[in-house]
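Below is one structure; the comments refer to it alone.
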Amino acid sequence: MKNLYLRIKDLILYFLHQEIIRFLIAGGINTIIGGILIPSLILLYNFESDLARTFIPLIGGYLIWFPFAYLIQVHFVFKTEFDIKRFFIYPTTQIPNYLINQSLLYIFRNMLGIDELIALVVAAILAAPIMFVLVRLVVKKEQKGLF
Numbered sequence: 693m694k695n696l697y698l699r700i701k702d703l704i705l706y707f708l709h710q711e712i713i714r715f716l717i718a719g720g721i722n723t724i725i726g727g728i729l730i731p732s733l734i735l736l737y738n739f740e741s742d743l744a745r746t747f748i749p750l751i752g753g754y755l756i757w758f759p760f761a762y763l764i765q766v767h768f769v770f771k772t773e774f775d776i777k778r779f780f781i782y783p784t785t786q787i788p789n790y791l792i793n794q795s796l797l798y799i800f801r802n803m804l805g806i807d808e809l810i811a812l813v814v815a816a817i818l819a820a821p822i823m824f825v826l827v828r829l830v831v832k833k834e835q836k837g838l839f
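If you use the working numbering, the sequence shown corresponds to residues 693 to 839, in order.
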């Protein structure tokens, strides 16, 4: 029983002090890059319509940003090998991220009346563990168990 306790303890320490921390750091890096890249593309290209002015730089930013984000997850966060199939699956992890964040924002802002900035921060914090598991499942190869 003591051996099982030690294994669980080691597993928790590994989880908390390594991959999850690197995941949060990578998330911060990706947020900064997206926060610089997309507004830069908006400023660089002067599109006539408001829709094009925001939509095209957003798509362009994602196309530029996703390969970089995947490489950070592969090499820095999960320390695994690049896989072309997983590379193309990786962008789909943003769908649940978007849905979770938008749902939480709606609840916090519209139902609970929480300030927008606080709602954004809390939604990101609550979504992070779910996103960690989803991204790990997509990025990391040959898993014998989730952890």
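Don't be surprised by glycine CBs; every beta carbon is placed ideally from N, CA and C.
Which word fits residue i, buried or exposed, when buried means at least 16 other C-beta atoms lie within 10 angstroms of its C-beta?
i      : result
Ala761 : buried
Lys832 : buried
Arg828 : buried
Gln765 : buried
Phe780 : exposed
Val813 : exposed
Tyr782 : buried
Would you kindly work out how many angstroms separate the C-alpha atoms of residue i and residue j, rounded to a whole number?
i      : j      : result
Ile808 : Ile787 : According to the sequence as given, residue 808 is Glu; it is not Ile. Each residue's alpha carbon lies about 21 Å from the other.
Leu818 : Leu791 : 12 Å
Ile712 : Asn738 : 40 Å
Asp702 : Lys694 : 12 Å
Arg745 : Phe768 : 34 Å
Gln710 : Ile700 : 15 Å
Leu716 : Ala816 : 11 Å
Tyr706 : Ala718 : 17 Å
Could you round the C-beta distance between residue i and residue j to whole angstroms and report it? I think they count as a contact, below 8 Å.
i      : j      : result
Leu763 : Pro749 : Contact doesn't hold; Cβ gap of about 22 Å is too wide.
Ile797 : Ala811 : Checking the sequence shown, residue 797 turns out to be Leu, not Ile. Indeed, because the Cβ distance is near 5 Å, the residues count as touching under 8 Å.
Which residue's Cα is closest to the Cα of residue i: the options?
i      : options                        : result
Ile730 : Gly753, Phe780, Tyr697         : Gly753
Thr723 : Leu703, Trp757, Ile713         : Trp757
Gly720 : Ala820, Ile704, Leu705, Leu826 : Ala820
Leu755 : His767, Gln710, Asp742, Thr784 : Thr784
Val830 : Phe770, Ala811, Ala815         : Phe770
Asn789 : Pro759, Ile806, Phe824         : Phe824
Pro759 : Gln794, Ile810, Ile717, Ile725 : Ile725
Does the stretch 765 to 779 come close enough to the stretch 799 to 819 that 3 or more CB-CB pairs lie under 8 Å?
The stretch 799 to 819 is not in contact with the stretch 765 to 779.
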